[in-house]
Amino acid sequence: MGDRVIFHSDCNCFYASVEMHRRPELRGMAMCVGGHEESRHGIVLAKSPLAKAAGVKTGEALWEARKKCPGLVVVPPDYRAYQRYSRLARQIYYDYTNQVEPFGLDESWLDVTGSLALFGGDAGLIAEEISERVKAELGITVSIGVSWNKVFAKFGSDADSGDGIDFITRENYREKVWPLPVGELIYVGRATERKLNGAAVFTIGDLANASDAMLATRLGKMGGILKAFARGEDASPVKVMDPDAADVWREVKSVGNGLTAPHDIECAEDAKALIYLLSESVAQRLRELRMRAHTIGIGVREAKTLAGYVRQRRLRLATCITDEVAACAFGLLAENEPLDAGHPLRALHVRASGLEPFEQVQQPTLFHDEERRVAAERLDLAIDALRGRFGNSCVRRLVELSDGSLTGLDIKAENVIHPVGFFGG
Numbered sequence: 001m002g003d004r005v006i007f008h009s010d011c012n013c014f015y016a017s018v019e020m021h022r023r024p025e026l027r028g029m030a031m032c033v034g035g036h037e038e039s040r041h042g043i044v045l046a047k048s049p050l051a052k053a054a055g056v057k058t059g060e061a062l063w064e065a066r067k068k069c070p071g072l073v074v075v076p077p078d079y080r081a082y083q084r085y086s087r088l089a090r091q092i093y094y095d096y097t098n099q100v101e102p103f104g105l106d107e108s109w110l111d112v113t114g115s116l117a118l119f120g121g122d123a124g125l126i127a128e129e130i131s132e133r134v135k136a137e138l139g140i141t142v143s144i145g146v147s148w149n150k151v152f153a154k155f156g157s158d159a160d161s162g163d164g165i166d167f168i169t170r171e172n173y174r175e176k177v178w179p180l181p182v183g184e185l186i187y188v189g190r191a192t193e194r195k196l197n198g199a200a201v202f203t204i205g206d207l208a209n210a211s212d213a214m215l216a217t218r219l220g221k222m223g224g225i226l227k228a229f230a231r232g233e234d235a236s237p238v239k240v241m242d243p244d245a246a247d248v249w250r251e252v253k254s255v256g257n258g259l260t261a262p263h264d265i266e267c268a269e270d271a272k273a274l275i276y277l278l279s280e281s282v283a284q285r286l287r288e289l290r291m292r293a294h295t296i297g298i299g300v301r302e303a304k305t306l307a308g309y310v311r312q313r314r315l316r317l318a319t320c321i322t323d324e325v326a327a328c329a330f331g332l333l334a335e336n337e338p339l340d341a342g343h344p345l346r347a348l349h350v351r352a353s354g355l356e357p358f359e360q361v362q363q364p365t366l367f368h369d370e371e372r373r374v375a376a377e378r379l380d381l382a383i384d385a386l387r388g389r390f391g392n393s394c395v396r397r398l399v400e401l402s403d404g405s406l407t408g409l410d411i412k413a414e415n416v417i418h419p420v421g422f423f424g425g
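Printed below as a string of structure tokens:
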């Protein structure tokens with residue numbers, strides 16, 4: 001059996017490209033899509049080529065971007081529009097294969113192995129046609145990487161920032177992939193990169209040839225997985241997913257929300273307000289997915305050092321109840337932070353994982369009041385219905401109103417789904 005043919009299609013400068021297509025007058029401007037500038041989570045989410053040429057970087061604060069590019073035009077994000085364009089792009093992909101696996105809103109893997117015969121065995125022809133259709137029908141461009149595995153296909157799309165097509169083959173991957181910094185390998189976060197650098201592993205080629213024993217010592221089981229990725233030995237399939245499913249459904253393993261606070265958090269009251277705001281969003285999204293979570297985790301970013309860490313706890317019973325998610329998250333925070341002015345916090349994140357569907361029967365325990373839990377879940381669902389009709393801010397908890405700077409923030413509406421996020425290693 002021959003190699004698979006895997007595409008990774010990446011919509012270039014996705015948010016910015018969508019805005020320029022919707023508003024053609026932006027095309028000749030240095031522009032970016034950015035969050036609320038009056039709040040401290042105002043960062044560059046995406047940038048146009050002209051803004052990039054001026055040195056603007058994704059992820060930097062808007063005030064930093066404006067220093068580099070004084071005439072920068074900042075457009076607020078419209079996530080509903082981005083979800084719509086994402087669906088339209090996937091509809092094009094589904095014309096070529098039923099194996100389309102989204103990776104965030106702007107990226108997808110496609111397994112076109114079964115479609116090759118329809119195109120004379122020419123993978124490049126399929127990629128070119130997809131690229132041309134996306135450009136003609138959606139007004140945006142895609143970069144497409146082609147390889148025999150998902151990891152290297154992603155490297156191919158990353159290598160081209162225009163609307164090009166790049167092949168990573170068994171003959172050229174040592175020249176194209178191995179010289180790259182190890183931090184560019186998927187699932188290698190900053191902490192993992194530091195551990196590898198400490199063992200003189202600086203490039204993907206170094207990782208591919210590293211000692212199994214050393215990797216196991218430093219990274220545990222993940223060390224072997226990352227080495228296999230570096231060697232092109234990723235055999236994971238491109239998943240067959242429901243093309244009509246909601247955009248948030250990505251064979252979801254966890255649900256999370258995080259926020260850089262409008263001001264440093266220096267007391268328990270403000271910390272609780274933000275934790276409840278985040279937990280409200282996480283629990284509501286669980287209920288929309290008809291899922292409950294066994295594990296609740298937090299991510300913390302300290303203000304003075306910007307150091308971060310995560311903590312999590314497994315629950316006796318899976319939950320989607322807002323109060324239970326928030327109580328667990330705040331309990332974790334209080335156990336690990338003094339919550340005073342001497343130890344200010346910059347950002348918090350709440351995550352729910354270990355998911356199971358509503359239909360899963362839960363075994364009651366002596367430690368839980370089942371009638372109370374059923375009533376609490378029904379109350380949350382009733383509030384969800386009100387929010388669906390009148391907006392997420394129509395019902396607010398008293399604890400969330402203790403910090404005026406959080407009033408008006410719609411955490412759930414502003415959520416962006418990132419497969420590799422705050423909790424990445």
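Just so we're aligned: 87 in this note's numbering is position 87 of the sequence shown, and the numbers increase by one with no gaps anywhere.
For every residue, glycine included, the Cβ atom is placed at its ideal position computed from N, Cα and C.
Nearest neighbour of residue i, chosen from the options [CA to CA]
i	options	result
Q312	E269, S254, H343 and L259	S254
V182	K239, R373, L286 and L207	L207
A329	V5, G308, Y309 and G299	G299
F229	Y93, L185, A376 and K304	L185
K176	G124, D158 and Y93	D158
R170	I225, L215 and R231	R231
S439	K195, Y94, A123 and R396	Given that the chain is displayed from residue 1 to residue 425, the structure contains no residue 439 and the question cannot be resolved.
K154	P102, K304 and V56	P102
E370	K67, P262, A334 and A318	A318
I296	A327, K272 and T305	A327
G220	L196, D234, F390 and I204	L196
Neighbourhood of residue i by C-beta, 6 Å cutoff - its chain only, sequence neighbours within 5 removed
i	result
L50	A30
D106	C11 and F14
L88	L138
S9	S108, V142 and I144
Straight-line Cα distance separating residue j from residue i
i	j	result
T322	P357	17 Å
A283	S393	15 Å
P77	Y15	7 Å
W63	K52	15 Å
I140	M20	9 Å
I168	D270	50 Å
D3	W148	6 Å
G456	A199	Given that the chain is displayed from residue 1 to residue 425, the structure contains no residue 456 and the question cannot be resolved.
E25	K135	18 Å
P447	L116	This structure cannot speak to residue 447, because the chain is shown only from 1 to 425.
I165	G156	7 Å
K426	G71	The structure shown has nothing for residue 426, since the chain only spans 1 to 425.
G34	V18	13 Å
A347	A191	18 Å
H294	V325	10 Å
M291	D384	14 Å
L398	L215	49 Å
K57	V74	13 Å
A61	R84	27 Å
G121	Y93	18 Å
R133	P338	55 Å
Own chain, CB closer than 7 Å to residue i, minus 5 neighbours either side, in chain order
i	result
N98	V240
E193	V182 and G183
Y96	L110, V112, S115, I126 and I130
A303	D264, P344, L345 and R346
Cut-off 8 Å between Cβ atoms - residues of its own chain near residue i, not counting five sequence neighbours on either side
i	result
A59	With the sequence shown as reference, residue 59 is identified as Gly, and Ala is not the correct amino acid for it. Hits under 8 Å: I43 and V44.
V201	V182, L207 and A210
R218	K195, L196, G198 and A199
Presumed contact (8 Å Cβ cut-off) between residue i and residue j, rounded CB distance
i	j	result
C426	L286	Beyond the ends of the chain as shown, which are 1 and 425, falls residue 426; an answer cannot be given.
L259	L274	7 Å
F7	V151	That pair is no contact at about 13 Å.
A81	C32	Actually they are not in contact, since the Cβ atoms of A81 and C32 sit about 16 Å apart, beyond 8 Å.
R351	G256	4 Å
L180	T203	6 Å
- prompt: If we count Cβ pairs, one from each stretch, closer than 8 Å, do we get three or more for the stretch 259 to 269 versus the stretch 342 to 351?
  reply: yes
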